[in-house]
Each structure stands twice: as structure tokens, then as C-alpha cells.
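Okay, structure first, notes after.
Number of protein chains: 2
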Amino acid sequence: MTETKIPRATAKRLPLYYRYLNILHDGGKTRVSSNELADAIRVDSATIRRDFSYFGALGKRGYGYDVDNLLAFFKDILDQDRLTNVALVGVGNLGHALLNFSFHQDSNIRISAAFDINSQEINTVQSGVPIYPIEQLVTQLQDQQITVAILTVPSRVAQEVANQVAETGVKGILNFTSIRLSVPDRIRVHNVDLTNELQTLIYFIDHYDQK
Amino acid sequence: MTETKIPRATAKRLPLYYRYLNILHDGGKTRVSSNELADAIRVDSATIRRDFSYFGALGKRGYGYDVDNLLAFFKDILDQDRLTNVALVGVGNLGHALLNFSFHQDSNIRISAAFDINSQEINTVQSGVPIYPIEQLVTQLQDQQITVAILTVPSRVAQEVANQVAETGVKGILNFTSIRLSVPDRIRVHNVDLTNELQTLIYFIDHYDQK
DNA sequence: AATTCTTTGTGAAAATATTTTCAAAAAATT
DNA sequence: AATTTTTTGAAAATATTTTCACAAAGAATT
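For the record, the sequence lines run as chains A and B.
Letter 55 of the first sequence, counting from 1, is numbered 55 in full-length UniProt numbering, and no numbers are missing.
Letter 54 of the second sequence, counting from 1, is numbered 54 in full-length UniProt numbering, and no numbers are missing.
Right, dumping it as C-alpha cells:
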């Protein structure tokens with residue numbers, strides 16, 4: 001709740017901007033125009049300028065935006081100065097992949113604890129992440145003061161696990177199950193539904209022309 | 001391009017409706033109201049009715065919607081009568097997880113071919129899917145007349161692989177890499193960016209109140 | 001120093017999407 | 001058979017998001 005509320009559509013594009021600015025920075029570029037950005041990330045340049053303008057005048061007319069300046073700004077906005085620890089609940093199929101996924105390469109986010117019921121995996125360390133028995137979910141989340149959880153459990157137990165998560169201080173859940181979770185208002189859920197993504201893509205292919 | 005163009009926001013909700021209708025059907029329910037649906041999938045009931053109304057009058061006042069009727073309708077709309085074969089390019093970390101992911105349980109979609117450079121995996125069959133060397137990408141996609149590809153290769157080679165995919169009859173790419181691909185207009189790209197999802201969730205947690 | 005070129009920031013318009021409202025149709029109840 | 005309840009479908013109102021288009025600011029060039 002720091003600065004004034006920006007449109008949700010804008011908020012969803014911030015990580016995109018952040019990543020591309022990092023690429024520019026690493027490539028030694030010092031300035032960039034909204035048109036160059038537009039080309040690279042495939043968002044209309046007017047949309048980009050409008051997005052940036054919610055945070056004030058960040059650019060210079062006739063020049064563009066200073067990469068390092070912008071980068072520092074978005075780093076702060078996206079809270080990328082501090083490390084965010086997240087928990088992974090369900091180390092199956094998808095969970096494993098996320099354990100190995102290098103969130104930390106593009107962001108200051110890492111999975112710091114995982115939970116499962118599978119006895120072969122619990123109390124081992126996979127890709128540097130300790131895997132705890134699900135029985136310790138509530139206590140560990142509380143002890144480690146984790147505020148974000150990734151849910152990759154079977155759909156059948158998703159709501160039950162979400163209920164447990166809700167007993168802790170968690171404020172956000174990234175839900176990979178196909179269930180639409182019921183959680184208290186203080187918890188924000190974002191859904192990533194892979195089957196939906198494919199079905200939607202196929203629908204658009206069949207019913208819309210390009211773009 | 002069969003029926004009139006519906007809003008993109010509506011199109012994205014169709015798979016959601018479809019899945020929940022299947023659940024109702026399997027549970028033996030024969031009728032459902034927009035309010036019941038709203039509760040289950042957490043979309044406002046007016047939005048649901050509006051969405052449905054783009055396809056004509058599907059419900060009955062005072063009664064609601066006939067589950068089997070609606071289901072048959074969406075099955076057709078979403079082309080779930082026929083099987084869609086998709087290709088998976090890149091059998092690493094995430095690719096493996098998607099190979100094992102049961103798209104087929106919720107939809108009439110299956111991965112029918114996978115591609116990789118890793119010599120241990122090529123020419124084997126993983127989870128029922130043959131893994132071909134990437135050199136065969138273009139010919140196999142053409143021979144098998146595959147129209148959708150999932151991209152789970154390292155970002156570094158994403159554009160290069162996309163270029164190859166673009167040489168085939170593929171019409172849609174589900175892009176899991178962090179690169180925004182350049183492809184011809186006839187190909188539709190949907191991006192699933194896991195780091196972005198987490199960053200956005202964290203941004204919303206920090207800057208917005210509930211809902 | 002003057003002129004030309006580039007590019008932002010933003011009002012205004014257009015396009016999209018959601019929510020409210022309510023008449024009317026049908027079902028359920030009395 | 002009449003009344004009440006439920007629930008859709010459509011219109012209108014509202015909200016959000018994108019796009020257009022251009023003045024103004026500053027950079028680059030002459």
C-alpha cells in the first residue's frame with residue numbers, strides 16, 4: 001500500500017518491464033525509448049508511456065528513458081531489493097520442475113521450503129531446498145514467516161491444503177491446481193491453469209485471425 | 001472463424017466453464033444456475049450470463065441451465081470432440097513435468113511428440129510420448145500435421161527454435177520461455193511466464209488490499 | 001543561434017469489460 | 001388457478017484499458 005493504486009493491467013506488465021530493463025542493462029545500453037521497448041516486449045508504445053506515467057515523469061523528451069534510472073525505480077517498486085522466500089507445497093510432477101526452476105536468475109525470489117507426503121523425499125534436500133513432511137506445513141510457514149506459497153498438490157487435496165495454508169501468515173497463493181480455491185479475503189490467489197492455457201490458445205487459433 | 005467474435009475476456013473463461021460443467025455432469029447434476037456457477041468458479045453471475053448470452057439463449061428463466069446441454073455446447077465450441085495433438089519442444093526441467101501432466105484428463109488434448117537435443121532421451125518414449133532429436137522438428141511437425149507447440153527450451157535458444165517452428169504448419173505456440181518471440185502473424189503466441197506470475201502476485205500482495 | 005528531429009506525457013476518444021437493473025418467462029407453492 | 005419465487009437475457013450504466021494524436025521539451029544538427 002505504498003504508492004497510489006495503479007491499474008491492474010499495468011501492474012501485470014511491471015515484471016516484463018523489469019526483466020527487459022535488466023537485459024538492456026546487462027547489454028550495456030544506457031538509454032531506451034518507449035518504441036524500442038514496445039518492439040522488444042510487444043506492448044504498444046503508448047501503453048508503455050502511459051504505464052510509466054503512473055509513477056511520474058520518468059523519461060526525457062527527445063531522449064527516452066535512462067535504463068539504470070528506470071531499472072532502479074522498478075527494482076524498488078517490485079521489491080526486488082530484498083529476497084522473497086516462498087514455499088512449495090506438493091513436490092510431484094510439476095513441483096519438482098519448479099524446484100529446479102531458476103526463479104532466482106530473473107528475480108529476487110527463491111523457494112526456501114518444500115512440503116510433500118512422499119516418504120522418499122521428505123527430510124531430503126532437492127536442488128538446495130529442504131523438503132518437509134506436510135504435517136509440518138503450518139509450523140514451518142509460521143516459523144519461517146513465509147508469505148507466499150506455490151500450490152502444486154493434486155487437485156483432490158487442494159482445498160484442504162489451502163485451508164492449512166490459510167492458518168498461517170501467508171498472503172498469496174500461486175495455485176497450479178485446477179480447483180478455484182476458497183480462502184479468506186486477506187489471501188490473494190493467482191491461478192496458473194495449464195490445461196486452460198492450452199484450450200484457450202486452441203480456441204483463439206480456431207476462432208480469431210492473427211494478432 | 002465459425003461464430004461471431006466474442007470478447008477475449010469471455011474466451012478466456014470458456015475452459016473454466018467447460019471444466020466445471022464436466023464436474024457437475026460427473027456428479028449427476030442436471031441443472032445449474034448462473035449463481036451456483038458463480039460460487040464455484042468465482043466469476044460474477046452476471047458476467048457468466050453475459051458470457052453465455054454471446055452464444056444465444058442457452059438457459060431457461062426460473063430454471064437455469066441444463067448441464068448436459070451446456071456441456072455439449074461448450075464441447076463443440078472448444079473443439080473438444082476431436083483430439084488435438086500438440087508437440088513439446090524442450091524436454092528439460094519443465095518439459096518433463098508437462099510430459100507427465102495429464103492434459104488429457106480434463107481435455108481432449110495430448111502431447112504426441114517431443115523434441116530435445118539431449119542424447120540420453122532422444123529416441124526413447126517418456127510417459128508414452130516419443131522423443132525425437134531436435135533436427136527432426138520441422139519434418140515431424142509437418143508429417144504429423146501438428147498445429148500447436150509448447151516451448152520449454154532454454155530462453156537462449158527460444159527465438160531460434162521458434163523460427164524453425166514457424167517453418168511448419170503450426171498455428172499456436174504456448175511459450176514458457178522468458179523471451180517474447182517474433183513470429184509471423186499467422187502464428188499466435190500465448191506466454192506463460194512463471195517468474196512474472198510470482199512477481200505480479202507479490203506486487204499485488206504488497207500494494208493492493210484483498211480481492 | 002537557429003532549425004530540425006526525436007520522443008515524452010497526456011488529454012480525449014475509442015474499445016473492452018464488468019456491474020447494475022429489471023422486465024419477463026418459467027417453475028414452484030399455496 | 002392464482003400467487004410467489006426463481007432466474008434468465010438484455011439494456012443501460014459504469015469502469016477499465018488501450019489507442020490516437022499532438023503540444024511541448026529537449027537533443028541533435030546545421
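Each residue gets a CB set at the ideal place from its N, CA and C atoms; glycine is no exception.
Cβ atoms of residue j and residue i: under 8 Å apart, would you say?
{"i": "Asp68(A)", "j": "Thr30(A)", "result": "yes"}
{"i": "His96(A)", "j": "Ala97(B)", "result": "yes"}
{"i": "Ala113(A)", "j": "Val129(A)", "result": "yes"}
{"i": "Lys5(A)", "j": "Ile205(B)", "result": "no"}
{"i": "Phe176(B)", "j": "Val161(B)", "result": "no"}
{"i": "Thr195(A)", "j": "Phe103(B)", "result": "yes"}
{"i": "Leu151(B)", "j": "Arg110(B)", "result": "no"}
{"i": "Val183(B)", "j": "Gly90(B)", "result": "no"}
{"i": "Gly64(B)", "j": "Ser33(B)", "result": "yes"}
{"i": "Leu174(A)", "j": "Leu198(B)", "result": "yes"}
{"i": "Asn100(A)", "j": "Ser119(A)", "result": "no"}
{"i": "Ile23(A)", "j": "Leu37(A)", "result": "no"}
{"i": "Gln159(B)", "j": "Ile179(B)", "result": "yes"}
{"i": "Asn85(A)", "j": "Ile122(A)", "result": "no"}
{"i": "Phe74(A)", "j": "Leu21(A)", "result": "yes"}
{"i": "Ile117(A)", "j": "Thr124(A)", "result": "no"}
Strictly by DSSP, which residues pair up with residue i?
{"i": "Ile173(B)", "result": "Ala149(B) and Val189(B)"}
{"i": "Arg31(A)", "result": "Asp66(A)"}
{"i": "Ala87(B)", "result": "Ala113(B) and Ala149(B)"}
{"i": "Gly59(A)", "result": "Tyr65(A)"}
{"i": "Val138(A)", "result": "In DSSP, Val138(A) forms no bridge with anything."}
{"i": "Val125(A)", "result": "Pro130(A)"}
Note the first and the last residue of the continuous beta strand (DSSP E) segment covering residue i.
{"i": "Phe115(A)", "result": "Ile109 to Asp116"}
{"i": "Val129(A)", "result": "Val129 to Pro133"}
Counting along the chain, where does the alpha helix (DSSP H) carrying residue i start and finish?
{"i": "Val165(B)", "result": "Ser155 to Val165"}
{"i": "Ile23(A)", "result": "Arg8 to Asp26"}
{"i": "Ile202(B)", "result": "Leu194 to His207"}
{"i": "Gln105(B)", "result": "Phe103 to Asp106"}
{"i": "Asp51(A)", "result": "Ser45 to Ser53"}
{"i": "Leu99(B)", "result": "Asn93 to Asn100"}
If distances are taken between C-alpha atoms only, which option among the options comes closest to residue i?
{"i": "Asp76(A)", "options": "Gly28(A), Arg42(A), Ile117(A) and Tyr17(A)", "result": "Tyr17(A)"}
{"i": "Leu137(B)", "options": "Asn118(B), Gln164(B) and Val153(B)", "result": "Gln164(B)"}
{"i": "Val43(B)", "options": "His25(B), Gly56(B), Pro15(B) and Lys60(B)", "result": "Pro15(B)"}
{"i": "Leu70(A)", "options": "Ser107(A), Pro7(A) and Ser53(A)", "result": "Ser53(A)"}
{"i": "Ile187(B)", "options": "Gly169(B), Ile117(B) and Asp51(B)", "result": "Gly169(B)"}
{"i": "Ala9(A)", "options": "Asn118(A), Gly28(A), Asp51(A) and Asp106(A)", "result": "Asp51(A)"}
{"i": "Thr139(B)", "options": "Leu24(B), Ser155(B) and Phe115(B)", "result": "Phe115(B)"}
{"i": "Leu78(B)", "options": "Glu135(B), Gly56(B), Ser107(B) and Gly92(B)", "result": "Ser107(B)"}
{"i": "Gly28(A)", "options": "Glu121(A), Asn123(A) and Asp66(A)", "result": "Asp66(A)"}
{"i": "Arg156(A)", "options": "Gln144(A), Tyr203(A), Leu181(A) and Glu167(A)", "result": "Leu181(A)"}
{"i": "Asp143(B)", "options": "Gly62(B), His207(B) and Glu167(B)", "result": "Glu167(B)"}
{"i": "His25(B)", "options": "Ala72(B), Asp39(B), Ala57(B) and Arg61(B)", "result": "Ala72(B)"}
{"i": "Arg61(A)", "options": "Asn35(A), Arg19(A) and Tyr203(A)", "result": "Asn35(A)"}
{"i": "Ala40(A)", "options": "Val189(A), Gln105(A) and Arg19(A)", "result": "Arg19(A)"}
{"i": "His190(B)", "options": "Leu88(A), Val189(A), Gly92(A) and Tyr203(A)", "result": "Tyr203(A)"}
{"i": "Asp209(B)", "options": "Asp185(A), Ala87(A) and Leu58(A)", "result": "Asp185(A)"}
Task: Contact residues within the segment 92-108 of chain A, judged by C-beta distance below 7 Å to chain B - done: Asn93, Leu94, His96, Ala97, Asn100, Phe101, Phe103, Asp106 and Ser107
Open item on the list: For the segment 179-201 of chain A, list every residue whose C-beta sits within 7 Å of some C-beta in chain B, in sequence order.
Closed with: Arg180, Asp185, Arg186, Arg188, His190, Val192, Leu194, Thr195, Asn196, Glu197, Leu198, Gln199, Thr200 and Leu201
Task: the segment 119-130 of chain A: positions lying closer than 8 Å to chain B by Cβ - done: none
Task: Interface positions of the UniProt DNA-binding region "H-T-H motif" (16-55) of chain A facing chain B (Cβ-Cβ less than 8 Å), listed along the chain - done: Leu16, Tyr18, Arg19, Ala40, Ile41 and Arg42
Open item on the list: What are the residues in the segment 70-93 of chain A lying within 9 Å of chain B by C-beta distance?
Closed with: Ile77, Leu78, Asp79, Gln80, Thr84, Val86, Gly92 and Asn93
Task: Where the segment 136-150 of chain A meets chain B: residues whose CB sits under 9 Å from a CB there - done: Thr147, Val148 and Ile150
Open item on the list: Give me the subset of the segment 161-176 of chain A whose CB atoms are less than 7 Å from a CB atom of chain B, sorted by chain position.
Closed with: Lys171, Gly172 and Leu174
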